[in-house]
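**Student:** Below is the structure I would like to discuss, written out as structure tokens.
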Amino acid sequence: MNNADRRIQFWALYLTRFAEGFGFVTLLTLLPTYINTLNPEATTILGITVSAGVIIGMYTTGFTLAQTVAVIPLAWAGDRFDKRTILLLVLGVGAGVYALFPLVDSSASFIGIRALQGVVVTGTGLMSLSLVGQVADVGTRADKIGKANAASFAASIVGSLSAGAIYDEVGFGPIFTIITVMMILAWVVLWWFLDDDPTRVKGFPFSDLAVNRKLLTITSFRFQYAFAVTMVRTWVPIYAGTAVAGGGLAVGATAVAVTVTAEKATNMVGQLFTGRLSDRVGRSLFVFAGGGAYGVIAICIPFSRAIGDVLGASATVPLLGTLPPAYLPLVAFSGLLGVADSFREPASMALFADEGTDEGGVASSFGIRELVWRPGSVAGPLIAGWLMIEVSMGSVFYVGGAFAVTGVLAFGGILVYDYGTRALTAW
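Per the working numbering, the very first residue in the sequence shown carries number 29; after that it's consecutive.
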């Protein structure tokens, strides 16, 4: 494969990442709007009372449960068959799923369609990242993965800002028409430009990769970090957009979009450079530093109100309206979360790509990466929803940040045990 062909294939995969990121962040941005619109209340199912907080948690947990179920069969199919074909199939399903969202009229229907979205996001992410890692040369994987992630974050910026603005003007319908068209466009470009995947892996690569020493070390961190990111990333826009009585700031959909965009923008810009740096310096230092910083910043988020009051940060801004004092500090913290995660993410992904390629199962390696994330992404929103209703909004960020800190301490401890003084530069 010559460099020109390789470059075109990367751009086709980057477009796919853009479409995936656009759809994902649109739902994240509109989550507080759905909470306010659907107004979930406690209900009784088979004699068991389900609180409103748990139903709110299910808005995200339904999505992540479906992702959990989909990981192994999709990853296995990607290694056993043609990843390009699997990716095209998932994108086609995704176009249909996003076309269904305007039909949502209850919490049950929203949770159900979000579950289908979870399968689409998982399949698209697994196959696109596996193909990026497979097409890239060994010494450039973090760089290419970082650029693929930057494409996803660029979509997140455009998606979050446009979703909030379009909803404020015309409601839900046109937003999902745009996403559906984008998924179809990505399908056509991939079908036209992406070569067939020649690799075929027989057997079940999960069994060998599950005992890989490097993957076991990184999963000691990733398992705990999943709780942190799922809780914090999901609850930043919820904190911004929910009613004051519920502990939120009650800003409009466009202002909520800005809080999401701040994190995505700094993460996007960072990954254009940090992936290349981790290719040169090594993976473990970037994972440790980025993960630890994320936890500390998350713990600081509840202090947004106090900081805003001291600084007198209330303001009236065109398109955003009148903003409470806590809003601008919250946006700043969201941006710092993106900076921290831009160091961690491409280094972590490249490590999974390296080990998967070496062991003959790159899709399965990314599948393990997804599986380790699932317990936190399933339980995290339920914990956060309960904390939000029963304790306080701030407690969500304290607990979420603590998960990140304990995760990097476990990761660092294992590295020190294995490598001693050169722990954070070992790989």
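Where is the CB? At the ideal position from N, CA and C, for every residue including glycine.
Cα separation between I83 and M421?
**Tutor:** Spanning the two alpha carbons is a distance of roughly 16 Å.
**Student:** With distances taken from CA atoms, which of L59, W104 and T65 is nearest G85?
**Tutor:** That would be L59, whose Cα lies nearest to the Cα of G85.
**Student:** So, does the stretch 115-122 touch the stretch 209-221, judging by three or more C-beta pairs under 8 Å?
**Tutor:** Short answer: they touch.
**Student:** Between the C-alpha atoms of T150 and T294, what's the straight-line distance to the nearest angstrom?
**Tutor:** C-alpha separation (whole angstroms): 24 Å.
**Student:** Going by Cα to Cα distance, which pick from V286, F38 and I329 is closest to V424?
**Tutor:** V424 has its Cα closest to that of I329, out of V286, F38 and I329.
**Student:** Report the residue from V427, L379 and V406 whose alpha carbon sits nearest the alpha carbon of A94.
**Tutor:** The residue with the shortest Cα to Cα distance from A94 is V406.
**Student:** Between the C-alpha atoms of A256 and G428, what's the straight-line distance to the nearest angstrom?
**Tutor:** Rounded to whole angstroms, A256 to G428 spans 4 Å at the Cα level.
**Student:** Run through DSSP, which three-state label would G275 get?
**Tutor:** Coil.
**Student:** I'd like to check one pair, W401 with R311: are the Cβ atoms closer than 7 Å?
**Tutor:** Result no, Cβ atoms of R311 and W401 do not sit closer than 7 Å.
**Student:** Can you tell me whether N475 is buried or exposed, with buried defined as 16 or more other CB within 10 angstroms of its CB?
**Tutor:** This structure gives no information on residue 475, because the portion of the chain shown stretches from 29 to 455.
**Student:** Roughly how many whole angstroms lie between the Cα atoms of W39 and D33?
**Tutor:** So the alpha carbons of these two residues sit roughly 10 Å apart.
**Student:** Give the single residue among I36, T88, A47 and L452 whose Cα lies nearest to the Cα of W263.
**Tutor:** That would be T88, whose Cα lies nearest to the Cα of W263.
**Student:** To which residues does DSSP link L93 through a beta bridge?
**Tutor:** The partner list for L93 (beta bridge, DSSP) is empty, contrary to what the question assumes.
**Student:** Taking 6 Å as the limit between beta carbons, can you name the residues of its chain near A179, skipping five residues before and five after?
**Tutor:** Cβ within range, chain order: Y42, R45 and F46.
**Student:** Just to confirm the assignment: which complete alpha helix (DSSP H) runs, minimum length 4, are found wholly within the stretch 89-136?
**Tutor:** As far as the stretch 89-136 is concerned, its whole alpha helix (DSSP H) runs of at least 4 residues are 111-128.
**Student:** To the nearest angstrom, how far is the alpha carbon of L243 from that of E383?
**Tutor:** Distance between the alpha carbons of L243 and E383 is about 8 Å.
**Student:** Roughly how far, in whole angstroms, is the beta-carbon of A254 from the beta-carbon of G408, given that I think they are within contact range, below 8 Å?
**Tutor:** Right, their Cβ atoms sit about 7 Å apart.
**Student:** So, with DSSP's three-state summary, where would you put V390?
**Tutor:** Correct three-state label for V390: helix.
**Student:** Which whole-angstrom value is the C-beta distance of I194 and M377, which I expect to be below 8 Å?
**Tutor:** No, I194 and M377 are not in contact; Cβ-Cβ is about 31 Å, not under 8 Å.
**Student:** Using CA atoms only, rank isn't needed, just tell me which of A183, A143, S134 and R112 is closest to Y126.
**Tutor:** Comparing Cα positions, the closest option is A143.
**Student:** Alpha carbon to alpha carbon, what distance is there between A278 and T474?
**Tutor:** Past the edges of the chain, shown from 29 to 455, lies residue 474, and the structure says nothing about it.
**Student:** Please state the DSSP three-state secondary structure of L347.
**Tutor:** Correct three-state label for L347: coil.
**Student:** How is T61 classed by DSSP in three states: helix, strand or coil?
**Tutor:** In this structure, T61 counts as helix in the three-state DSSP scheme.
**Student:** What ranges does the alpha helix (DSSP H) occupy inside the stretch 258-323, keeping only unbroken runs of at least 4 residues that lie completely in it?
**Tutor:** The stretch 258-323 contains these whole alpha helix (DSSP H) runs: 281-309.
**Student:** In whole angstroms, give me the CA-to-CA distance for G274 and L117.
**Tutor:** Straight-line Cα distance between these residues: approximately 41 Å.
**Student:** Measuring alpha carbon to alpha carbon, tell me which of L399, F361 and R308 ends up nearest R375.
**Tutor:** The question names Arg, yet the displayed sequence has Ala at residue 375. Answer by Cα proximity: R308.
**Student:** Return the CA-CA distance between D196 and E48, expressed in angstroms with no decimal places.
**Tutor:** Cα-Cα distance, rounded: 23 Å.
**Student:** I need the straight-line Cα distance from S79 to A326, nearest angstrom please.
**Tutor:** Their backbone Cα atoms lie some 26 Å apart in a straight line.
**Student:** Classify R169: buried if its beta carbon has 16 or more other beta carbons within 10 angstroms, exposed otherwise.
**Tutor:** Answer is buried; the Cβ neighbour count reaches 16.
**Student:** Taking DSSP as the reference, what is the three-state secondary structure of V186?
**Tutor:** DSSP places V186 in helix when its eight states are reduced to three.
**Student:** Output needed for L415: all residues of its chain with C-beta closer than 6 Å, excluding positions within five of it in sequence on either side, in chain order.
**Tutor:** These residues qualify, in order along the chain: S423 and V424.
**Student:** Below 8 Å on the Cβ atoms is my guess for E291 versus L365; work out the distance and round it to an integer in Å.
**Tutor:** The pair is a contact, with the Cβ atoms about 5 Å apart (cut-off 8 Å).
**Student:** With burial defined as no fewer than 16 other Cβ atoms inside 10 Å of the residue's Cβ, what is the status of V324: buried or exposed?
**Tutor:** V324 comes out exposed.
**Student:** Would R35 be called buried (16 or more neighbouring beta carbons within 10 Å of its own) or exposed?
**Tutor:** It is exposed - the Cβ of R35 has fewer than 16 other Cβ atoms within 10 Å.
**Student:** Leaving out five residues before and five after T247 in sequence, what residues of the same chain have Cβ atoms less than 6 Å from its Cβ?
**Tutor:** These residues qualify, in order along the chain: V400.
**Student:** In terms of residues, what are the limits of the alpha helix (DSSP H) holding P202?
**Tutor:** It spans G201 to F221 - the alpha helix (DSSP H) in which P202 sits, taken as one unbroken run.
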